[in-house]
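Numbering that gives the first Met the number 0 applies: residue 0 is where the sequence shown begins, and numbers increase by one. Reviewing the structure listed below.
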Amino acid sequence: MTSTVDEAGVTATYRAARDELLALRGDHARAVREFTFPDVGDRWNWGVDWFDAVARGNDGACLTIVEQDESSASYSWDEMARRSDQVAAHLATLGVRRGDSVILMLGNQVELWESMLAVIKLGAVVMPTTTAVGPGDLVDRMERGAARAVITNASEVHKLDDVPGDYVRVAVGGADPAGTATAGWERHEAAYDLEIPPTEHPGTAPDDRMLLYFTSGTTSRPKLVEHTQRSYPVGHLSTMYWIGLQPGDVHLNISSPGWAKHAWSSFFAPWAAEATAFVYNYSRFDPAALLRVLRTHEVTSICAPPTVWRMLIKSDLSGGPGSLREVIGAGEPLNPEVIAQVEKAWGLTIRDGYGQTEMTAAVGNTPGSTVKPGSMGRPLPGCPVVVVDPITNVLVTEADAAGNREGEICLDLSQHPVPLMTGYQGDEQRNADAMAGGFYHTGDVASVDADGYISFVGRTDDVFKASDYKISPFEVESVLIEHPAVAEAAVVPAPDPVRLAVPKAYIALAPGHEPGEAVARSILAHAREKLAPWQRVRRIEFFELPKTISGKIRRVELRGRETDLEAAGADQPDNEWRDDQFPDLKG
Numbered sequence: 000m001t002s003t004v005d006e007a008g009v010t011a012t013y014r015a016a017r018d019e020l021l022a023l024r025g026d027h028a029r030a031v032r033e034f035t036f037p038d039v040g041d042r043w044n045w046g047v048d049w050f051d052a053v054a055r056g057n058d059g060a061c062l063t064i065v066e067q068d069e070s071s072a073s074y075s076w077d078e079m080a081r082r083s084d085q086v087a088a089h090l091a092t093l094g095v096r097r098g099d100s101v102i103l104m105l106g107n108q109v110e111l112w113e114s115m116l117a118v119i120k121l122g123a124v125v126m127p128t129t130t131a132v133g134p135g136d137l138v139d140r141m142e143r144g145a146a147r148a149v150i151t152n153a154s155e156v157h158k159l160d161d162v163p164g165d166y167v168r169v170a171v172g173g174a175d176p177a178g179t180a181t182a183g184w185e186r187h188e189a190a191y192d193l194e195i196p197p198t199e200h201p202g203t204a205p206d207d208r209m210l211l212y213f214t215s216g217t218t219s220r221p222k223l224v225e226h227t228q229r230s231y232p233v234g235h236l237s238t239m240y241w242i243g244l245q246p247g248d249v250h251l252n253i254s255s256p257g258w259a260k261h262a263w264s265s266f267f268a269p270w271a272a273e274a275t276a277f278v279y280n281y282s283r284f285d286p287a288a289l290l291r292v293l294r295t296h297e298v299t300s301i302c303a304p305p306t307v308w309r310m311l312i313k314s315d316l317s318g319g320p321g322s323l324r325e326v327i328g329a330g331e332p333l334n335p336e337v338i339a340q341v342e343k344a345w346g347l348t349i350r351d352g353y354g355q356t357e358m359t360a361a362v363g364n365t366p367g368s369t370v371k372p373g374s375m376g377r378p379l380p381g382c383p384v385v386v387v388d389p390i391t392n393v394l395v396t397e398a399d400a401a402g403n404r405e406g407e408i409c410l411d412l413s414q415h416p417v418p419l420m421t422g423y424q425g426d427e428q429r430n431a432d433a434m435a436g437g438f439y440h441t442g443d444v445a446s447v448d449a450d451g452y453i454s455f456v457g458r459t460d461d462v463f464k465a466s467d468y469k470i471s472p473f474e475v476e477s478v479l480i481e482h483p484a485v486a487e488a489a490v491v492p493a494p495d496p497v498r499l500a501v502p503k504a505y506i507a508l509a510p511g512h513e514p515g516e517a518v519a520r521s522i523l524a525h526a527r528e529k530l531a532p533w534q535r536v537r538r539i540e541f542f543e544l545p546k547t548i549s550g551k552i553r554r555v556e557l558r559g560r561e562t563d564l565e566a567a568g569a570d571q572p573d574n575e576w577r578d579d580q581f582p583d584l585k586g
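If you want it as structure tokens, here you go:
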């Protein structure tokens with residue numbers, strides 16, 4: 000017997016909570032005061048109870064994908080419900096059952112979205128995996144995630160050749176002209192031949208496992224994060240509110256599949272709002288092409304990482320924002336200079352926010368709120384955000400002379416935060432550390448002003464002392480990227496015989512600039528003019544910044560390089576320049 004969705008039940012409950020947030024757009028304080036995440040009862044599956052409920056018979060655009068050549072394909076809500084039913088039925092015939100983990104290693108293609116829906120509707124567990132991983136990473140993911148199946152493109156199947164295990168293998172686009180599948184792999188397209196009824200409700204409970212994410216590992220090997228049928232699907236109502244999504248919107252998210260932000264802003268948040276998930280599937284980023292695409296397709300909101308925004312402000316923004324209403328920054332803190340330039344060109348304010356793979360958006364500058372330069376906003380509705388002394392594990396309640404409270408961003412576990420993960424799988428020590436003292440510890444240090452606005456200071460392991468002053472890399476980097484020659488910067492401590500450590504900036508130059516004495520002097524002079532004496536950058540080195548495969552700068556690697564250079568007694572690196580080489584900058 001196929002399932003029918005009772006609008007008077009959990010679907011209506013979820014809708015009512017969603018509609019409450021839509022109605023509270025522009026009234027952040029009231030939303031925080033009044034909103035609570037919905038109780039979805041004992042039987043809940045977002046794919047069936049929400050997506051199918053709004054999708055059946057709905058011919059509106061659900062997913063639109065624009066390719067590098069600017070050709071496009073659009074899929075209706077009803078099509079996505081039907082396609083995911085077919086994929087779910089196909090996976091079931093191959094032996095995938097409720098609770099089984101399924102690796103999805105796909106790009107920005109319709110098969111990713113329909114497979115993600117299908118796995119959820121089966122009650123199985125989605126393991127999003129970037130196509131950038133290699134065989135070694137896949138062995139680790141298969142083992143730690145206990146994967147029962149893999150869905151990937153035929154061009155990627157070779158990566159699994161040496162990955163042992165008895166698991167279902169499904170290849171997308173793997174058939175030759177005669178219809179013969181890649182050897183040892185099932186054809187994903189076989190699903191489209193199935194005539195089947197709508198997928199039955201799998202009977203999942205809200206606390207059943209639904210997602211396993213491997214974090215990007217900026218300081219250590221990737222952690223395995225578990226989310227439930229409730230934590231992401233229900234918790235991302237906060238993300239929807241932060242972005243400002245409304246029914247009928249066209250939302251473009253610049254994000255790579257396999258990472259949590261892709262699920263945040265290309266899956267749960269837009270579809271919770273009944274908005275179109277819009278994808279620009281480029282292989283090489285071209286700012287002019289992105290601007291042309293968003294104008295042509297009347298995109299109403301865009302969420303992009305700081306790297307994209309920094310590239311956009313160096314391009315021609317004079318053509319205007321098109322139909323854009325909301326412009327969002329996410330992934331890493333956004334420097335104030337970028338916000339100022341977009342606001343000047345378009346009259347739109349980029350609204351920053353904060354969250355982690357371990358949770359949904361928890362802090363944000365919401366629509367209608369005053370945006371303070373350098374601040375990522377205030378706690379979002381339903382998110383019990385607090386700041387805690389990272390040494391004593393006690394709430395920071397006393398403000399400093401400037402009226403700010405500084406500490407580690409945490410979630411108060413006594414408030415049972417819905418958007419939070421269940422924990423790190425297979426790592427009890429890391430779980431104990433992360434949940435110590437009744438708080439979930441993010442590892443991020445921030446300052447909270449008298450109005451409750453939160454400003455990022457740095458990772459607990461990135462902040463350092465120089466001449467006994469605490470240095471926030473983010474604050475220094477924000478000043479450095481204001482210089483026209485600087486595309487990106489990463490500030491770390493460099494060992495110094497007098498000061499113990501001095502701020503050193505690793506610099507990635509903007510196009511059209513070459514490493515050399517003149518540009519080094521110009522950047523050091525700029526930093527000297529804009530920064531407090533104790534923050535001043537004493538050394539810069541032109542360097543290719545090491546990054547995780549999700550694009551985050553690995554400062555831990557740069558800190559290690561500085562330690563190694565000191566230990567080896569190495570000479571000053573060829574592309575490093577120090578302030579004492581420019582006596583005219585003194586004074």
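Even for Gly, the Cβ is constructed at its ideal location relative to N, Cα and C.
Three-way DSSP call (helix, strand, coil) for residue i in this model
| i | result |
| --- | --- |
| Ala11 | helix |
| Ala488 | strand |
| His250 | strand |
| His296 | coil |
| Met79 | helix |
| Leu103 | strand |
| Phe594 | For the chain, the structure presents residues 0 to 586; residue 594 sits outside this window and is missing. |
| Met358 | coil |
| Gly40 | coil |
| Ile506 | strand |
| Asp554 | With the sequence shown as reference, residue 554 is identified as Arg, and Asp is not the correct amino acid for it. Helix at Arg554. |
| Ala500 | strand |
| Gly568 | coil |
| Lys585 | coil |
Presumed contact (8 angstroms Cβ cut-off) between residue i and residue j, rounded CB distance
| i | j | result |
| --- | --- | --- |
| Gly550 | Thr306 | 6 angstroms |
| Leu90 | Ala117 | 6 angstroms |
| Ser230 | Leu419 | 6 angstroms |
| Gly363 | Gly376 | 4 angstroms |
| Asp208 | Val124 | Reading off the sequence shown, one finds Arg at residue 208, where the question assumed Asp. With a Cβ gap of about 5 angstroms, Arg208 and Val124 count as contacting. |
| Ile408 | Val393 | Wrong, their Cβ atoms sit about 15 angstroms apart, outside the cutoff. |
| Leu479 | Ala526 | 6 angstroms |
| Ser368 | His27 | 5 angstroms |
| Gly234 | Met126 | The Cβ separation is near 19 angstroms, so there is no contact. |
| Ile119 | Gly46 | 4 angstroms |
Rounded C-alpha distance that separates residue i from residue j
| i | j | result |
| --- | --- | --- |
| Leu137 | Thr181 | 19 angstroms |
| Thr217 | Glu405 | Note that Thr217 scores 48 on pLDDT, short of 50, meaning its location in the model is unreliable; the coordinates nonetheless yield the value given after this. Those two C-alpha atoms are separated by around 23 angstroms. |
| Cys382 | Pro304 | 22 angstroms |
| Asp351 | Val39 | 30 angstroms |
| Pro332 | Tyr353 | 8 angstroms |
| Val434 | Thr441 | It should be noted that the sequence gives Met, not Val, for residue 434. Distance between the alpha carbons of Met434 and Thr441 is about 10 angstroms. |
| Pro532 | Asp448 | 23 angstroms |
| Arg554 | Gln424 | 26 angstroms |
| Ala524 | Ala445 | 28 angstroms |
| Val386 | Thr35 | 21 angstroms |
| Pro196 | Val169 | 22 angstroms |
| Ala519 | Ile539 | 7 angstroms |
| Lys546 | Ile552 | 4 angstroms |
| Leu105 | Leu544 | 27 angstroms |
| Gly451 | Gly437 | 22 angstroms |
Beta-carbon contacts of residue i that lie in its chain and below 6 angstroms, excluding the five residues immediately before and after
| i | result |
| --- | --- |
| Glu516 | none |
| Pro483 | none |
| Asp206 | Thr227 |
| Tyr281 | Gln67 |
| Phe542 | Tyr505 |
| Ala274 | Leu244, Asp248 and His250 |
Contact set for residue i: own chain, Cβ-Cβ below 7 angstroms, skip 5 residues either direction
| i | result |
| --- | --- |
| Phe277 | Thr63, Val249, His250, Leu251, His296 and Val298 |
| Asn57 | Ser75, Trp76 and Asp77 |
| Ser265 | Asn252, Ser254, Ala276 and Val278 |
| Asp388 | Val395 and Gly406 |
| Thr356 | Tyr212, Thr214, Val224 and Ala259 |
| Val370 | Thr348, Arg350 and Asn364 |
| Ala486 | Arg309, Ala507, Leu508 and Ala509 |
Cβ-based neighbour list, residue i, same chain, cut-off 8 angstroms, excluding 5 preceding and 5 following
| i | result |
| --- | --- |
| Ser314 | Pro286, Ala287 and Leu290 |
| Gly133 | Lys158 |
| Thr10 | Val4, Asp48, Trp49 and Ala52 |
| Val462 | Val444, Val456, Lys469, Ile470, Ser471 and Pro472 |
Going along the chain, which unbroken runs of the alpha helix (DSSP H) with 4 or more residues stay wholly within the stretch 421 to 474?
427 to 433
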